[in-house]
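Colleague: Dumping the structure here so I can ask a few things about it.
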Amino acid sequence: MQLKNTICALFLLLAIPCTLAFITWIEPRHPLPGIRPALATPWPLPQKWEKSSKLMLLEQSKFLIKTSCPILTTAAQRYRPHIFSDVIKNQTWDPPKIPTLKTLEINVVGFCEDYPQQGSKENYHIDIDESMETAKLDADTVWGALRGLETFSQLVYQNDNGHYIINATKITDFPRFTYRGLLLDTGRHYIPVSDAMEWNKLNVFHWHLVDDQSFPFESKVYPNLTILGAYSPKHVYTQKVIKDVIEYARLRGIRVIPEIDSPGHTHALGKAFPDIITPCYGDKKTPFTPNYTEFSAAEILNPMKEKTFTVMKTILEEVKTVFKDEYIHLGMDEVYYGCWRSNPDIEQFMQKKGFAKISQVEQYYTQRLIKDVADIGYKYMAWQDPIENGFQPDTIVHVWKDTELDFKMDKWHEYIKLVASKNYQIVLSACWYLNYISYGPDWKKYYECDPQNFEGTAQQKNLVIGGQAALWMEYADGTNLLSRLWPRASAVAERLWSDKSVNDTNSAAFRLDQQRCRMLKRGIQASPILNGFCGDYEWEMDQTL
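Note that the sequence shown covers residues -21 to -1, 1 to 524 in mature numbering (1 follows the signal peptide of the UniProt record, and there is no 0).
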């Protein structure tokens, strides 16, 4: 139960009430530029926001949220404590003599869908008129209504006397990109994930489920995958836990896309199936010997064996019975050719197939696997590495390489330009690796990275369907996950949601600080972005010294 709760906690920060937030300069002689926002400024910033100075009162005991969709009925119950927080518990004096807002009415044009998918609409419109007792939240889909409900919750604040206030407001909003994700790597650390995505309007949880270090996905077909490949029997994501996470995400309009990486990053898988791992010849003559740091003794699948494809197809078929999204992420990154080159059987295999280059071995594996994936009924994503290997036209290519990650690489702009020239849909992560930490306001570089900022035609730039922040877990686990993520991932969230013109880091700093304080208010230990304070929330967080 604790595992499920901690995993599910992440999704709440994809969605956040107003709270007292104040940041200030490092030194008095360097005042902060930018414009401080008004109370209850939404994050991410809406596409169009007309805010009036006219105020309305909300009475906690009488305020109603009306909707017909079951998902939204559940969401309304979830959001009440966010709308009516208890920062000032004792309301003093009589309420102000202003109109009372009695109801929020949520209207969905379409039917109440069960699961979000790539391209699901998330647009919404909020109309709060001081002459009306009912506010309107209209959306084409339930997913747009969820995003609007989050925004509404951020518009409510308490005055000095503890009364709940909202400004008369009109908001028309929609995301700039349809894919706004967060990658977490549970193959390196078995991590507790918490409520964190909904409050920032992220909509994809990319679950990097397995890796060299461990294979924590419970397979009922191949139980030895976790018996031999997981860190321990306690460090396993059972299919029930996974389904609970998917349901928790669904109720928040979040897709869960699993990644089962191959042919590299398969050392843990090989513990259950050593016969489908390529023997590396590190000493040029003995199988299963390493050549550090080029390759280990066994870390990459053997594309010569039919059993390799049988095992992989069976695993992916089982994954499809557990996960609900139409897409799977196939990984396919960092296939180091040294091991294959060292193996005399691979050399004979190349001669038999007429392969002149070792990259053709990778191409052979890629083509075989994606055919099996199509037979299973999956659409797929993959990292950019095997871009020359003949992906299907509807492939989503995930760009991750950049000079900042490895000086041997080019700038991400060059890679994304290449992928766009081949007419693939694109998701960018290269400039949003949150596991790389630097001193100071590093959130600004994430905020300033625009995934369409590359040389190309308008048609090529429109191939970018979005991006996602990535937190690789070599040096992070449940003890520091949330503080690493937030509010740095919030900067990525606004870049992917708000209009391209919303790009001033000076003014964004004040709004981001307000968002950080909202997260503290909801119990998330988000890191500070500068000097300052967040009301009493930082003191109310659980402290252990």
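Just so you know, even glycine gets a beta-carbon here, dropped at the ideal spot from N, CA and C.
Computed from a predicted structure; not experimentally measured.
For M35, report the span of its beta strand (DSSP E) as first-last.
Modeller: Numbered from its first residue, the sequence shown carries residue 35 at position 56. First-last of the beta strand (DSSP E) with M35: 27 to 37.
Colleague: Tell me, please, which residues DSSP counts as bridged to Q494.
Modeller: Numbered from 1 along the sequence shown, position 515 holds the residue referred to as residue 494. According to DSSP, which records beta bridges pairwise, Q494 is partnered with nothing at all.
Colleague: With a threshold of 8 Å on Cβ separation, who are the neighbours of I508 within its own chain once the five nearest residues in sequence on each side are excluded?
Modeller: In the sequence shown, counting from the first residue as 1, residue 508 sits at position 529. Same-chain partners within the cutoff: I2, P420, W422, P466, A488, L491, D492, R495.
Colleague: Do G317 and D240 come within 8 Å of each other at the CB atom, strictly closer than that value?
Modeller: Taking the first residue of the sequence shown as position 1, residue 240 is located at position 261. Taking the first residue of the sequence shown as position 1, residue 317 is located at position 338. No, the Cβ-Cβ distance between D240 and G317 is not below 8 Å.
Colleague: List in chain order: all unbroken alpha helix (DSSP H) runs of 4+ residues lying wholly within the segment 334 to 375.
Modeller: If we require 4 residues or more, the alpha helix (DSSP H) runs fully inside the segment 334 to 375 come out as 338 to 355.
Colleague: Can you say whether E129 is buried or exposed, counting buried as having 16 or more other CB atoms within 10 angstroms of its CB?
Modeller: Along the sequence shown, one-based indexing puts residue 129 at 150. Result: buried.
Colleague: Going by alpha carbons, who is nearest to V235 out of Q96, D354, T82?
Modeller: Mapped onto the sequence shown, residue 235 falls at position 256. Cα-wise, what sits closest to V235 is Q96.
Colleague: For A335, count the other beta carbons within 10 Å of its own beta carbon; 16 or more makes it buried, fewer makes it exposed. Which is it?
Modeller: Counting from one through the sequence shown, the residue named residue 335 turns up at place 356. It is exposed - the Cβ of A335 has fewer than 16 other Cβ atoms within 10 Å.
Colleague: In the DSSP assignment, the alpha helix (DSSP H) including R463 goes from what residue to what residue?
Modeller: Sequence index remark: in the sequence shown, residue 463 carries index 484 (1-based). Where R463 is concerned, the enclosing alpha helix (DSSP H) stretches over 460 to 464.
Colleague: If I measure Cβ to Cβ from K396 and keep anything under 7 Å in the same chain, skipping five residues before and after, which residues do I get?
Modeller: Taking the sequence shown and counting its residues from 1, the one referred to as residue 396 is at position 417. These residues qualify, in order along the chain: F433, E434, G435.
Colleague: Would you check if there are 3 or more beta carbon pairs closer than 8 Å linking the segment 75 to 87 to the segment 111 to 121?
Modeller: They touch, by the three-pair rule.
Colleague: Quick one: Cα of V398 to Cα of V87, how far?
Modeller: If you number the sequence shown from 1, residue 398 lands on position 419. If you number the sequence shown from 1, residue 87 lands on position 108. When rounded, the distance between both Cα atoms is 37 Å.
Colleague: For W476 versus P154, is the C-beta spacing smaller than 8 Å?
Modeller: Position 497 of the sequence shown, counted from the first residue, corresponds to residue 476. Position 175 of the sequence shown, counted from the first residue, corresponds to residue 154. In this structure, P154 lies closer than 8 Å to W476 by Cβ.
Colleague: So E238 is in the beta strand (DSSP E); what residue range does that whole segment cover?
Modeller: As a first step, residue 238 is located in the sequence shown; it is residue number 259 there, counting from the start. Looking at the DSSP string, the run of the beta strand (DSSP E) that includes E238 is 234 to 241.
Colleague: Within the continuous beta strand (DSSP E) that includes R159, where are the two ends?
Modeller: In the sequence shown, residue 159 corresponds to position 180, counting from 1. Where R159 is concerned, the enclosing beta strand (DSSP E) stretches over 158 to 164.
Colleague: Taking the beta carbon of A505 as the centre, do at least 16 other beta carbons fall within 10 Å, making it buried, or is it exposed?
Modeller: Position 526 of the sequence shown, counting from 1, holds the residue named residue 505. Label assigned to A505: buried.
Colleague: Answer yes if the segment 120 to 138 comes into contact with the segment 51 to 59, meaning at least three C-beta pairs across the two stretches below 8 Å, and no otherwise.
Modeller: Because the criterion of three Cβ pairs below 8 Å is met, the segment 51 to 59 and the segment 120 to 138 touch.
Colleague: Using only the alpha-carbon positions, how far apart do E226 and K149 sit?
Modeller: For the purposes of this step, residue 226 is taken as residue 247 along the sequence shown, with counting starting at 1. For the purposes of this step, residue 149 is taken as residue 170 along the sequence shown, with counting starting at 1. Their backbone Cα atoms lie some 32 Å apart in a straight line.
Colleague: Mapping DSSP to helix, strand and coil, what is L230?
Modeller: Position 251 of the sequence shown holds residue 230. In the structure shown, L230 sits in coil (DSSP, three-state: anything other than H, G, I, E or B).
Colleague: Output yes or no for whether 8 Å exceeds the beta carbon distance between I105 and N182.
Modeller: Locating residue 105 in the sequence shown gives position 126, counting from the first residue. Locating residue 182 in the sequence shown gives position 203, counting from the first residue. Contact flag unset, no.
Colleague: Alpha carbon to alpha carbon, what distance is there between Y94 and Q251?
Modeller: The residue given as residue 251 occupies position 272 in the sequence shown. The residue given as residue 94 occupies position 115 in the sequence shown. The amino acid occupying residue 251 in the given sequence is Ala; Gln does not appear at that position. A251 and Y94: Cα-Cα distance of roughly 34 Å.
Colleague: Is there at least one Cβ from chain C nearer than 8 Å to K100's Cβ?
Modeller: You won't find chain C in this structure, because it holds only one protein chain.
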